[in-house]
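Here's the structure, in structure tokens; my notes come after.
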Amino acid sequence: MTDQLKADLLALALEAARRAGDFLRDGRPEDLGVAATKTSAVDVVTEMDIASEKLITDFLADRRPEDGVLGEEGASVEGTSGVQWVIDPVDGTVNYLYGLPSWAVSVAARKDGETLAGVVYAPMRGETFRAALGEGAYLNDRPVRVRPAPAFGLALVGTGFGYLAERRARQAEVVRHLVPQVRDIRRGGSAAIDLCDVAAGRLDAYYERGLNPWDYAAGDLIAREAGARTGGRPGEPLSPELTIAAPPGLFEPLQARLEELGAWHD
Ligand code: IPD
Ligand code: CA
Ligand code: CA
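Just so you know, the sequence shown maps onto residues 1 to 266 in the UniProt record's numbering.
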């Protein structure tokens, strides 16, 4: 893997995310409604999610036609170059639908299972997070770093809930046990932004069960490049089963606590 490839992928991820994010911000219809539902009645997709994914995939196919693509709204191309783009065209769709500002476009490029570049653009916050493997994480043009690990009881912990009622009931049970043991819990509504908020020291930690690669691919790299440890159950990498991000020193007790609480199963 060459530095030139990483630089090229990062530049394209930045441009794709910027175009899609600006389109979503400037083109949001006043009467935006739900175009379809997915896994449940509250798992929604708007016409803008679909248009954003198309904008990104058209842009990338034009610039790098040999690459594979995996997008939340159905984009799926095998590719021949070994590079795969992992795209969430709107992360935080419910926030976007309601006019809340915490939503983002997430674009990552992977090669041989390794994420080389990641961008999370949150237009309503005026914030672009970016990272290339081994080169640190940036918010706009400023390097970011995780907050030093606090004592477990002083940690501000972000999390999220899936769209299925049974899974949520279990996730609420985990939170019920955790909330008296930490500083507080936050539920921002965008997993990609939550991971970037760990990177920028705005959250001490974040965890969630049930994410998909498009939710975490870019944010995981950004959090790690900012000094976070990320992973899943003890000894395992982060995955749809469980995603945890926190600075070393907080990551380990949080991972152990989440294991005890069974945060990895429904
Ligand atoms: C969701 C958001 C949310 C998280 C959910 C995700 P979407 O993504 O990241 O914060 O709790 O698990 O599915 O549906 O807005 O792209
Ligand atoms: Ca998402
Ligand atoms: Ca989405």
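All C-beta atoms in this analysis are idealised placements derived from N, C-alpha and C, irrespective of residue type, glycine included.
Can you tell me whether residue i is buried or exposed, with buried defined as 16 or more other CB within 10 angstroms of its CB?
i: ARG176; result: exposed
i: ALA41; result: exposed
i: GLY92; result: buried
i: PRO237; result: exposed
i: GLN4; result: exposed
i: ALA39; result: The sequence as given places Thr at residue 39; Ala does not occur at that position. THR39 is exposed by the Cβ-count criterion.
i: ALA218; result: buried
i: PRO29; result: exposed
i: LEU139; result: buried
i: ILE185; result: exposed
From the options, pick the residue whose C-alpha is nearest to that of residue i; which is it?
i: ASP141; options: ARG147, GLU135, ARG110, THR128; result: THR128
i: PHE251; options: ALA16, GLY219, ALA151, ASP184; result: ALA151
i: LEU133; options: ALA200, ALA172, VAL45, ALA108; result: ALA108
i: GLU173; options: GLU260, VAL34, SER81, MET48; result: GLU260
i: LEU116; options: ALA256, LEU9, GLN255, GLY231; result: LEU9
i: GLY71; options: ASP88, SER81, ARG64; result: ASP88
i: GLU47; options: PRO180, ALA169, VAL90; result: VAL90
i: ILE50; options: LEU60, LEU24, ARG167; result: LEU24
i: ALA104; options: ALA192, PRO253, ALA13; result: ALA192
i: LEU221; options: VAL179, ALA256, VAL144; result: VAL144
i: PHE161; options: ASP62, GLU73, ALA13, TYR206; result: TYR206
i: GLY188; options: GLY79, VAL198, LEU139; result: VAL198
i: TRP264; options: LEU242, GLN255, GLY249, ALA256; result: LEU242
i: ALA226; options: THR159, ARG125, GLY136; result: GLY136
i: GLU73; options: TYR98, ASN212, ARG233, ASP67; result: ASN212
i: LEU164; options: VAL44, LEU14, ARG229; result: VAL44
i: GLY231; options: GLY99, GLN255, TYR138; result: GLN255
i: ASP67; options: GLY153, GLN84, ALA245, ILE244; result: GLN84
i: ASP204; options: ARG224, ARG170, PRO148; result: PRO148
i: ALA257; options: PRO240, ARG233, SER239, ASP266; result: As written in the sequence, residue 257 is Arg, which differs from the Ala given in the question. The shortest Cα separation from ARG257 among PRO240, ARG233, SER239, ASP266 belongs to ARG233.
i: VAL94; options: GLY153, ARG63, ILE56, LEU32; result: LEU32
Can you tell me where the beta strand (DSSP E) with residue i in it begins and where it stops?
i: PRO143; result: 142-144
i: VAL198; result: Segment 191-199 is the alpha helix (DSSP H) holding VAL198; no beta strand (DSSP E) there.
i: PHE129; result: 127-132
i: ALA245; result: 243-246
Does DSSP put residue i in a helix, in a strand, or in coil?
i: VAL120; result: strand
i: TRP214; result: helix
i: GLY231; result: strand
i: VAL44; result: strand
i: THR80; result: coil
i: THR39; result: coil
i: LEU238; result: coil
i: ARG147; result: coil
i: ARG64; result: coil
i: GLU30; result: coil
i: GLY219; result: helix
i: ASP58; result: helix
For the alpha helix (DSSP H) that contains residue i, what are its first and last residues?
i: VAL175; result: 165-178
i: LYS6; result: 3-27
i: LEU97; result: 93-98
i: ARG257; result: 251-261
Pull up the DSSP beta-bridge partners for residue i, would you.
i: ILE87; result: GLY71, VAL107
i: GLU114; result: LYS111
i: VAL157; result: ILE185, ALA205
i: ILE50; result: None; ILE50 has no bridge partner.
i: LEU139; result: PHE129, ARG142
Got a sec: is the Cβ-Cβ distance from residue i to anything in chain C below 9 Å?
i: LEU258; result: Any reference to chain C falls outside this structure, which holds one protein chain only.
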